[in-house]
Amino acid sequence: MSKEQARKRHVPTADELAEMAIRGENVTKHYDLKSAKVRGPVDKIERVQDKNIQRVNVDFAQPMLKELDAICADLNVPRQSLIKTMLRQAMDRYFSNKKLRKT
Numbered sequence: 000m001s002k003e004q005a006r007k008r009h010v011p012t013a014d015e016l017a018e019m020a021i022r023g024e025n026v027t028k029h030y031d032l033k034s035a036k037v038r039g040p041v042d043k044i045e046r047v048q049d050k051n052i053q054r055v056n057v058d059f060a061q062p063m064l065k066e067l068d069a070i071c072a073d074l075n076v077p078r079q080s081l082i083k084t085m086l087r088q089a090m091d092r093y094f095s096n097k098k099l100r101k102t
């Protein structure tokens, strides 16, 4: 194939590749399989350790958990995300009032 032909060759977008795969077409010709690397699954703990995060356990009263779950359902977010967001907001308020926040 000449350089001019290579320039004119259409390179499909990700959406086009997805549609081709759904139709059952072979899409492997659009990938460089020689340089592809196979990676194993990443353990959840490895992801947490990579982010310098420490796990903690927190006990909640049953009524508080019910309220928390109701808010999560209303906002369609996971419980952990809501807890982290609300805690961050409370800490920001505390430190902005005290002018003590350390970054």
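With numbering that gives the first Met the number 0 as the guide, the letters of the sequence shown map in order to residues 0 to 102.
For each residue, glycine too, the CB sits at the ideal point set by N, CA and C.
Three-way DSSP call (helix, strand, coil) for residue i in this model
i   : result
F94 : helix
D73 : helix
I52 : coil
H29 : helix
P40 : coil
T12 : coil
A89 : helix
Straight-line gap, residue i to residue j (C-alpha atoms, nearest Å)
i   : j   : result
A89 : N96 : 11 Å
V57 : D68 : 15 Å
T84 : E24 : 44 Å
S80 : D73 : 13 Å
P40 : L32 : 19 Å
A13 : F59 : 45 Å
I52 : E66 : 27 Å
R54 : L64 : 19 Å
Cβ distance (whole Å) where residue i is taken to contact residue j below 8 Å
i   : j   : result
M19 : V10 : That belief does not hold up - the Cβ atoms of M19 and V10 are roughly 13 Å apart, past 8 Å.
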